[in-house]
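Numbering (my numbering), first residue to last: 210 to 516. Think of the CB as a built atom: it goes at the ideal place given N, C-alpha and C, for glycine as much as any other residue. The structure appears right after this line, and notes come after that.
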């Protein structure tokens with residue numbers, strides 16, 4: 210009986226000690242950090258522990274080459290996307306992933322997106338749970354980074370780059386979002402929830418970005434044609450000027466259509482819509498207010514020279 214009680218007491222003591230060391234009272238030496246970026250409509254987030262160099266040899270020392278690494282400190286680094294994205298031209302479904310790396314000396318590193326996001330370090334890593342692997346060549350950074358950092362460099366609404374820096378190494382990989390599919394979905398949603406007399410404005414706004422990027426001409430001409438058709442049906446006397454004066458927006462529409470035709474090298478049609486834009490009368494017109502900022506007269510000269 211005494212032996213049993215002694216064993217029980219020891220077990221309870223061990224459980225108590227284990228419980229004590231699960232409690233985080235002091236701040237972590239490698240503090241938790243989080244970086245967030247919205248790329249177009251897609252939410253992107255990285256959560257990681259940020260260790261310091263502290264005079265140590267990092268690559269090939271603290272972090273061995275050719276071994277799986279948690280890409281930070283403490284729990285495994287995680288990365289989350291609210292929509293499906295392409296990482297270096299490879300599809301990654303929406304979700305939250307553990308982000309691992311396999312550093313290599315004088316060669317490409319392997320970046321691993323593992324479906325088990327909640328794990329400590331890489332100790333319970335299961336390669337069967339990998340969703341995606343990519344190969345990225347690191348480079349020597351332009352300065353020394355004492356603390357490990359991640360950051361997003363946003364290029365535009367549908368494209369960004371994740372940049373990793375620590376010690377003298379910089380590594381980055383590209384993200385492309387499903388911006389156009391989200392734009393279509395949200396455009397139709399906005400149309401279904403908005404008053405009919407501003408539907409033409411919604412179609413204009415949706416088309417403008419694609420025109421400026423010269424992406425998916427079939428889609429942006431479809432939206433612009435619909436916008437122009439609906440604009441003729443608007444009752445100008447009941448127009449709510451909180452949406453800008455209606456003549457200003459019509460000028461914006463004609464300018465966008467002119468640029469759409471210029472993308473197709475149909476400069477005669479572009480100049481036709483420029484004439485329509487200039488014919489709009491009123492104190493506040495798109496041509497009067499935006500000529501210099503948009504370079505309308507300069508574009509007209511360029512398009513005329515193309516005929």
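Practice problem: Can you say whether residue 506 is buried or exposed, counting buried as having 16 or more other CB atoms within 10 angstroms of its CB? | Solution: The Cβ neighbour count for residue 506, taken over all protein chains shown within 10 Å, is under 16; the residue is labelled exposed.
Exercise. Please state whether DSSP places residue 323 in a helix, a strand or coil.
Key: DSSP places residue 323 in strand when its eight states are reduced to three.
Self-check item: Separation of residue 369 from residue 404, as counted between CA atoms
Solution: The alpha-carbon atoms of residue 404 and residue 369 are separated by roughly 35 Å.
Quiz item: Where do the ends of the alpha helix (DSSP H) carrying residue 294 lie?
Solution: For residue 294, no alpha helix (DSSP H) segment is defined; the enclosing uninterrupted segment is the beta strand (DSSP E) at 294-296.
Quiz item: If we count the other Cβ atoms within 10 Å of its Cβ and call it buried at 16 or more, is residue 515 buried or exposed?
Solution: Per the 10 Å Cβ criterion, exposed.
Quiz item: Would residue 460 be called buried (16 or more neighbouring beta carbons within 10 Å of its own) or exposed?
Solution: By the neighbour-count criterion, in which 16 or more other beta carbons inside 10 Å mark a residue as buried, residue 460 falls on the buried side.
Quiz item: Does the beta-carbon of residue 303 have 16 or more other beta-carbons within 10 angstroms, so that it is buried, or is it exposed?
Solution: Exposed, since its Cβ has fewer than 16 Cβ neighbours within 10 Å.
Practice problem: Go through its chain and collect everything with a Cβ distance to residue 422's Cβ below 7 Å, but skip five positions before and after it. | Solution: Residues of the same chain with a CB within less than 7 Å of the CB of residue 422, apart from the 5 flanking positions on each side, do not exist.
Practice problem: Compare the Cα-Cα distances from residue 289 to each of 326, 316, 312 and report the closest residue. | Solution: The shortest C-alpha separation from residue 289 is found at 326.
Exercise. Can you tell me which of 265, 395, 396, 372 puts its alpha carbon nearest to the alpha carbon of residue 280?
Key: When each option's Cα is compared against that of residue 280, the closest is 372.
Practice problem: Please work out which residues of its chain come closer than 6 Å, Cβ to Cβ, to residue 254, disregarding the five sequence neighbours upstream and downstream, and give them in chain order. | Solution: By the criterion of a C-beta distance shorter than 6 Å, residue 254 is surrounded in its chain by 245, 289, once the five residues flanking it on both sides are discounted.
Quiz prompt | Nearest-angstrom Cα separation, counted from residue 433 out to residue 414 | solution = Residue 414 and residue 433: Cα-Cα distance of roughly 9 Å.
Quiz item: So, do the region 373-382 and the region 341-361 have three or more beta carbon pairs nearer to each other than 8 Å?
Solution: Look at the beta carbons and you see the region 373-382 touching the region 341-361: at least three pairs across the two are nearer than 8 Å.
Exercise. Measure the CB-CB distance between residue 324 and residue 344 and report whether it falls below 7 Å.
Key: Not in contact: residue 324 and residue 344 (Cβ atoms no closer than 7 Å).
Practice problem: Apply the 10 Å Cβ neighbour rule to residue 332 and answer buried if 16 or more other Cβ atoms are within range, or exposed otherwise. | Solution: When all chains shown are included, residue 332 counts as exposed.
Practice problem: Go through its chain and collect everything with a Cβ distance to residue 242's Cβ below 7 Å, but skip five positions before and after it. | Solution: Closer than 7 Å at Cβ, skipping near neighbours: 257, 259.
Quiz prompt | residue 454 versus residue 336 - alpha carbon distance | solution = Distance between the alpha carbons of residue 454 and residue 336: 59 Å.
Quiz item: Thinking just about the alpha-carbon of each residue, which of 278, 328, 431, 330 is nearest to the one in residue 313?
Solution: Minimum Cα distance to residue 313 is reached at 278.
Quiz item: Looking only at C-alpha atoms, which of 276, 282, 275 sits nearest to residue 237?
Solution: Closest in C-alpha terms to residue 237, from the list 276, 282, 275, comes 282.
Quiz prompt | Spatial distance of residue 573 from residue 418 (CA atoms) | solution = Here the chain has residues from 210 to 516 only, and residue 573 is not among them.
Self-check item: Euclidean distance between Cα positions of residue 466 and residue 379
Solution: Rounded to whole angstroms, the gap between the alpha carbons of residue 466 and residue 379 is 43 Å.
Quiz item: What is the residue span of the beta strand (DSSP E) that residue 301 lies within?
Solution: Here the beta strand (DSSP E) through residue 301 covers 299-301.
Practice problem: Measure the Cβ-Cβ separation of residue 395 and residue 436 and say whether it is below 7 Å. | Solution: It is not a contact, given that the beta carbons lie outside the stated cut-off.
Exercise. Excluding the 5 residues preceding and the 5 following residue 474 in the sequence, name in chain order all residues of the same chain whose CB lies nearer than 8 Å to its CB.
Key: Leaving aside the five residues that flank residue 474 on each side, the residues in its chain whose CB is nearer than 8 Å to its CB run, in chain order, 515.
Quiz item: Can you find a C-beta in chain C that's less than 7 Å from the C-beta of residue 287?
Solution: Absent here is chain C; the protein component of the structure consists of one chain.
Quiz item: Going by Cα to Cα distance, which pick from 487, 425, 391, 491 is closest to residue 248?
Solution: Checking every option, the nearest Cα to that of residue 248 belongs to 391.
Quiz item: To which residues of the same chain is residue 346 closer than 6 Å at the C-beta, ignoring the five residues directly before and after it?
Solution: Within the same chain, Cβ atoms closer than 6 Å to the Cβ of residue 346 are found at 317, the five residues on either side in sequence being excluded.
Exercise. With DSSP collapsed to three states, give me the class of residue 313.
Key: Residue state, collapsed to three classes: coil.
Quiz item: alpha helix (DSSP H) containing residue 396: first to last residue?
Solution: Counting along the chain, the alpha helix (DSSP H) containing residue 396 begins and ends at 388-402.
Practice problem: Could you check the C-alpha separation between residue 381 and residue 329 for me, to the nearest Å? | Solution: The alpha-carbon atoms of residue 381 and residue 329 are separated by roughly 24 Å.
Quiz item: Nearest-angstrom Cα distance between residue 268 and residue 362?
Solution: Rounded to whole angstroms, residue 268 to residue 362 spans 25 Å at the Cα level.
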